[in-house]
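**Q**
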Amino acid sequence: MNVLDNFLKICRNKDIKGAIEFQKSLLSYLCLENRFKNFKSICSFDISYDKSSRKNFAVAILLSYIKLEEVERSVIVEKADFPYVPGLLAFREGPAIVKVFKKLRNKPDLLLFDGHGIAHPRGMGIASMIGILLDRPSIGCAKSRLVGDFTEPAQMKGSISDLLYKGRKVGHVLRSRDKVKPIFVSAGHLIELDMATDIVLRCCHRYRLPKPVRMAHRLANQVRMDSNRMES
DNA sequence: GCGACAG
DNA sequence: ATCTTGTCGC
Numbered sequence: 082m083n084v085l086d087n088f089l090k091i092c093r094n095k096d097i098k099g100a101i102e103f104q105k106s107l108l109s110y111l112c113l114e115n116r117f118k119n120f121k122s123i124c125s126f127d128i129s130y131d132k133s134s135r136k137n138f139a140v141a142i143l144l145s146y147i148k149l150e151e152v153e154r155s156v157i158v159e160k161a162d163f164p165y166v167p168g169l170l171a172f173r174e175g176p177a178i179v180k181v182f183k184k185l186r187n188k189p190d191l192l193l194f195d196g197h198g199i200a201h202p203r204g205m206g207i208a209s210m211i212g213i214l215l216d217r218p219s220i221g222c223a224k225s226r227l228v229g230d231f232t233e234p235a236q237m238k239g240s241i242s243d244l245l246y247k248g249r250k251v252g253h254v255l256r257s258r259d260k261v262k263p264i265f266v267s268a269g270h271l272i273e274l275d276m277a278t279d280i281v282l283r284c285c286h287r288y289r290l291p292k293p294v295r296m297a298h299r300l301a302n303q304v305r306m307d308s309n310r311m312e313s
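In structure tokens:
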């Protein structure tokens, strides 16, 4: 059984212990070097959850890089089975993300996630995990901290401070706009932190969150609300 | 035992 | 994540 099938099996079985062991086993595949450059496209994902039907509305949105114009999108709806457990987000969202990824006709050069990469208790957040499983460069971009310590970056857009965890620099705390709450950037897979941070900042136009993440978020919500309107 | 805890 | 109103600051 290959790694991806193993992952999906753990998700189906809601195997918490197995999930943690799986994350540890993926560490040997993780690459934190810049193995690619001149990205031509960037893809972000998001899931909107409907409480009453307990369904996940998952979307992928593929944009050109650096212009950030939409190239393609894909959507899928499925029942959410794995619970949300801090540190195991990828097992809740991963199966749907893999599906929307595979549904795309174009293959993205780079994946951008709403969540952490290596800034994680076991160094294996959703961005790193999915990057490995899909064999693509990936970046983690979270709205809040999961692990690590940091000092507040300066108030000006572009200001950065280090996110430190267990004596290691695992990410950047980035002020993506003047005076907004900072975001947390970490390497996912096949990329270095400095390049990841540069790319995320280039994706922050006039909002706090990078455009691909924001677009995915809005699309997922829109799809969920449209679906609920069909019900009534 | 207590506090922390991506989405 | 979702639920949920008004409200504070630039």
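The opening residue of the first sequence carries number 82 in the working numbering; numbering runs sequentially from there. For glycine and all other residues, C-beta sits at the position ideal for the given N, C-alpha and C.
Restricting to Cα atoms, I'd like to know which of S122, F117, A200, V266 is closest to K247.
**A** Taking the first sequence and counting its residues from 1, one reaches residue 247 at position 166. Answer by Cα proximity: A200.
**Q** Would you say H298 and D127 are within 7 Å of each other, going by their C-beta atoms?
**A** Here residue 298 refers to the residue found at position 217 when the first sequence is read from its first residue. Here residue 127 refers to the residue found at position 46 when the first sequence is read from its first residue. Cβ atoms of H298 and D127: closer than 7 Å.
**Q** Do the CB positions of C222 and I264 come within less than 7 Å of each other?
**A** Residue mapping note: residue 222 aligns to position 141 of the first sequence, counting from 1. Residue mapping note: residue 264 aligns to position 183 of the first sequence, counting from 1. The answer is yes: Cβ separation under 7 Å.
**Q** Count Cβ pairs between the stretch 171-189 and the stretch 202-209 that sit closer than 8 Å; are there 3 or more?
**A** Because the criterion of three Cβ pairs below 8 Å is met, the stretch 171-189 and the stretch 202-209 touch.
**Q** Along the chain, where does the beta strand (DSSP E) that runs through N137 open and close?
**A** Numbered from its first residue, the first sequence carries residue 137 at position 56. Unbroken beta strand (DSSP E) run through N137: 136-145.
**Q** With burial defined as no fewer than 16 other Cβ atoms inside 10 Å of the residue's Cβ, what is the status of V84: buried or exposed?
**A** As a first step, residue 84 is located in the first sequence; it is residue number 3 there, counting from the start. Result: exposed.
**Q** Once DSSP output is grouped into helix, strand and coil, what is the label at Y110?
**A** Taking the first sequence and counting its residues from 1, one reaches residue 110 at position 29. Three-state DSSP puts Y110 in a helix.
**Q** Can you tell me whether Q236 is buried or exposed, with buried defined as 16 or more other CB within 10 angstroms of its CB?
**A** Taking the first residue of the first sequence as position 1, residue 236 is located at position 155. So Q236 counts as exposed.
**Q** Is the separation between the beta-carbon of S145 and that of S125 shorter than 7 Å?
**A** Translated into positions along the first sequence, residue 145 becomes position 64. Translated into positions along the first sequence, residue 125 becomes position 44. Against a cut-off of 7 Å, the Cβ pair of S125 and S145 comes out as no contact.
**Q** With a threshold of 8 Å on Cβ separation, who are the neighbours of G212 within its own chain once the five nearest residues in sequence on each side are excluded?
**A** In the first sequence, counting from the first residue as 1, residue 212 sits at position 131. Here the set comprises L192, G198, P218, S219, G269, H270, L271.
**Q** With the cut-off set at 7 Å, would you say P234 and S240 are in Cβ contact?
**A** The count along the first sequence starts at 1 and reaches residue 234 at position 153. The count along the first sequence starts at 1 and reaches residue 240 at position 159. Against a cut-off of 7 Å, the Cβ pair of S240 and P234 comes out as a contact.
**Q** To the nearest angstrom, report how far apart H253 and V281 are at their CA atoms.
**A** Position 172 of the first sequence holds residue 253. Position 200 of the first sequence holds residue 281. Going by the C-alpha atoms only, they are around 11 Å apart.
**Q** Let me confirm a value: V166 is counted as buried when at least 16 other C-beta atoms fall within 10 Å, else exposed. Which label applies?
**A** Position 85 of the first sequence, counted from the first residue, corresponds to residue 166. Exposed, because fewer than 16 other Cβ atoms sit within 10 Å of the Cβ of V166.
**Q** Near R116, which residues of its chain fall below 8 Å by C-beta distance, leaving aside the five closest residues on each side in sequence?
**A** Translated into the one-based positions of the first sequence, residue 116 becomes position 35. P218, L271, I272, listed in sequence order.
**Q** Can we count G269 as close to the ligand ATP, meaning its CB is less than 6 Å from some heavy atom?
**A** The ligand ATP is not among the ligands present in this structure, which contains no ligands whatsoever.
**Q** By a C-beta neighbour count over all protein chains shown, 10 Å radius and 16 as the cutoff for buried, is L227 buried or exposed?
**A** Mapped onto the first sequence, residue 227 falls at position 146. Under this definition L227 is a buried residue.
**Q** Compare the C-alpha of D279 against each of R305, V152, V266 and name the closest.
**A** What you label residue 279 is simply residue 198 of the first sequence in a count that begins at 1. When each option's Cα is compared against that of D279, the closest is V266.
**Q** Write down the C-beta distance between F138 and R305 rounded to the nearest angstrom, noting that I regard them as a contact closer than 8 Å.
**A** Along the first sequence, read from residue 1 onward, the residue named residue 138 stands at position 57. Along the first sequence, read from residue 1 onward, the residue named residue 305 stands at position 224. F138 to R305, Cβ: 4 Å. Contact.
**Q** Candidates E153, A141, R249, K188: which alpha carbon is nearest N302's?
**A** In the first sequence, counting from the first residue as 1, residue 302 sits at position 221. When only C-alpha atoms are compared, the closest one is A141.
**Q** Tell me the start and end of each unbroken alpha helix (DSSP H) in the stretch 194-223 that is at least 4 residues and wholly inside, in chain order.
**A** For the stretch 194-223, whole alpha helix (DSSP H) runs of length 4 or above, ordered along the chain, are 207-215.
**Q** Reducing DSSP to helix, strand and coil, say where K148 ends up.
**A** Within the first sequence, residue 148 is the residue found at index 67, counting from 1. Here K148 sits in coil by DSSP.
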